[in-house]
Amino acid sequence: MMGEPAQKLGLELIIQTPHLEDPAVGIAKAVVYAEVGDAIATSRLAAQCDVIGFENEFVDLPNLKLIPHQENLFRPSLQSLEPLLDKYNQRCYLQELELPNPQFWLLENPNQDNYNFSYPLVLKARRHGYDGQGTIVVKNQAELITAWQSMSSGSILGSVLGEEFIPFTKELSIIAARATTGEIRIYPIFETQQEDQVCRRVFAPAAVSQEVVLLAEKIITTILESTKVVGLFAVELFLTETGKLLVNEIAPRTHNSGHLTIDACPTSQFEQYLRAIAEQPLGEVNLQTAGAVMVNLLGYAGLDQDNYLDKKQLLEQIPHSHFYWYGKNLRPGRKLGHITILIPEVNSQGMQEQMRAIAHQVESIWYS
Ligand code: ADP
320 MMGEPAQKLG LELIIQTPHL EDPAVGIAKA VVYAEVGDAI ATSRLAAQCD
370 VIGFENEFVD LPNLKLIPHQ ENLFRPSLQS LEPLLDKYNQ RCYLQELELP
420 NPQFWLLENP NQDNYNFSYP LVLKARRHGY DGQGTIVVKN QAELITAWQS
470 MSSGSILGSV LGEEFIPFTK ELSIIAARAT TGEIRIYPIF ETQQEDQVCR
520 RVFAPAAVSQ EVVLLAEKII TTILESTKVV GLFAVELFLT ETGKLLVNEI
570 APRTHNSGHL TIDACPTSQF EQYLRAIAEQ PLGEVNLQTA GAVMVNLLGY
620 AGLDQDNYLD KKQLLEQIPH SHFYWYGKNL RPGRKLGHIT ILIPEVNSQG
670 MQEQMRAIAH QVESIWYS
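657 is the number that the working numbering gives to position 338 of the sequence shown; each next residue is one higher, with no gaps.
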């Protein structure tokens, strides 16, 4: 996703990935073949780069800190990332900043009597969770014990984060970049819809009050300024029935909810991130269309190269659509691509209904 904007900005990309078939390999000037968490390989990468950015947070921070002269090498800096990589530490950090958090507990054993929580409880692996992998909602002690066994056995830390279950009415996402000058640019707020903890669709703009927008902007500004980040963060939020906004989590990188910025905003989140870390002026972040819908295209059993092409053709016939295919290996449940449909003007249905109808149309084609 950064390949195109990098070219536009005159930047050369060198990537670290263990996979020869990684889609980014094709657009990179050079490749360091190693796991993203391999800090020794990152020191080899550092020797070839002016700046190192991150596409995900699965890095080995203690060992990255050993790389010499890294004060301006990593963007975000390792100090900015430090409180955010572990979900429990991140919750503690949000609490220190007095930002609205669900209640949370560090669970070192699955015995409810040792803690003061009630069910349902959301269990989260402290590290390496994504797309809901590592997040389990449990409704009673028996479920907690089963989930505990599957989660803590794989966790080096031996503990898991437990969170109050928030009965949200909407999930929202806000994305913003901060430059070396301290300038901050915040994208409009988006609504995200998850199923089985996986993001399925994103609506822009979110239908929320101006008060909610301002609060979300204040939350992300506090986070960007307190971490002094140079780069781009997304903050996932829960909106409750009473209009309360709570932070779900901070993603210290470009985010799935921001994919629609490629087509709906003058500057995509990917370009903006590169601009921030390469010390180029930040770009405009307004929606340049009345609305936009992004639908993730997930793999499913029975999807193959042939029916994929038929579906692609049908999806591309939807007016104002922009289809993206990542070239990953097909696997059920995997995010294989996405489609963004721009809505130039509101029709008699109203924007919300129009967005829902478009998402439904896409999903009926894709999953039929
Ligand atoms: P990941 O980092 O894997 O994306 P998240 O922590 O964002 O995992 O959780 C994935 C989804 O699970 C969220 O988008 C939300 O739908 C649901 N979820 C997470 N935490 C809570 C919570 N405390 N209360 C209710 N639902 C939650």
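From the three backbone atoms N, C-alpha and C, an ideal C-beta is built for every residue, glycine too.
None of these values were measured; they are calculated from a predicted model.
- Remark: C-beta atoms of Leu440 and Leu404 do not approach each other more closely than 8 Å.
- Fully enclosed beta strand (DSSP E) runs of no fewer than 3 residues occupy 423-426 of the segment 354-427, in order along the chain.
- Remark: C-beta atoms of Ala570 and Ala553 approach each other more closely than 8 Å.
- The alpha-carbon of His574 is positioned some 8 Å away from that of Ile494.
- In this structure, the alpha-carbon of Tyr412 lies about 44 Å from that of Asp623.
- Straight-line spacing of the CA atoms in Cys518 and Thr511 works out to 7 Å.
- Judged by DSSP secondary structure, Gly481 falls within the beta strand (DSSP E) whose first and last residues are 479-483.
- Distance check between Pro507 and each of Ser528, Gly501, Phe487 places Ser528 closest, using alpha-carbon atoms only.
- Not one heavy atom of ligand 1 lies closer than 7 Å to the C-beta of Tyr438.
- Secondary structure at Lys647: coil, using DSSP grouped into helix, strand and coil.
- By the criterion of a C-beta distance shorter than 7 Å, Gln414 is surrounded in its chain by Asn420, once the five residues flanking it on both sides are discounted.
- Per the DSSP secondary-structure output, Tyr352 pairs in a beta bridge with Thr336.
- In the structure shown, the three-state DSSP call for Ala461 is helix.
- For Gln632, the closest alpha carbon among the candidates Pro663, Asn430, Trp685, Ala609 is that of Trp685.
- Partner residues in a beta bridge of Thr546, as assigned by DSSP, do not exist.
- Gln513 has its CB nearer than 7 Å to a heavy atom of ligand 1.
- For Leu385 and Lys443, the gap between their C-alpha atoms comes out near 29 Å.
- DSSP places Ile662 in the uninterrupted beta strand (DSSP E) bounded by 654-662.
- Counting C-beta pairs with one atom in each stretch, the segment 610-625 and the segment 345-354 have fewer than three that are closer than 8 Å, which means they do not touch.
- Boundaries of the beta strand (DSSP E) harbouring Met613: 610-617, taken from the DSSP string.
- Only residues of its own chain outside the window of five on either side were considered, and among them Ala343, Ala347, Val350 have a CB closer than 6 Å to the CB of Ile334, listed in chain order.
- Residue nearest to Phe557 within the set Glu490, Ala609, Phe522, Glu530 is Glu490 (criterion: CA-CA distance).
- Counting the other CB atoms within 10 Å of its CB gives Gln326 a total below 16, which places it among the exposed residues.
- As a beta-bridge residue in DSSP terms, Val521 pairs with Thr511, Met613.
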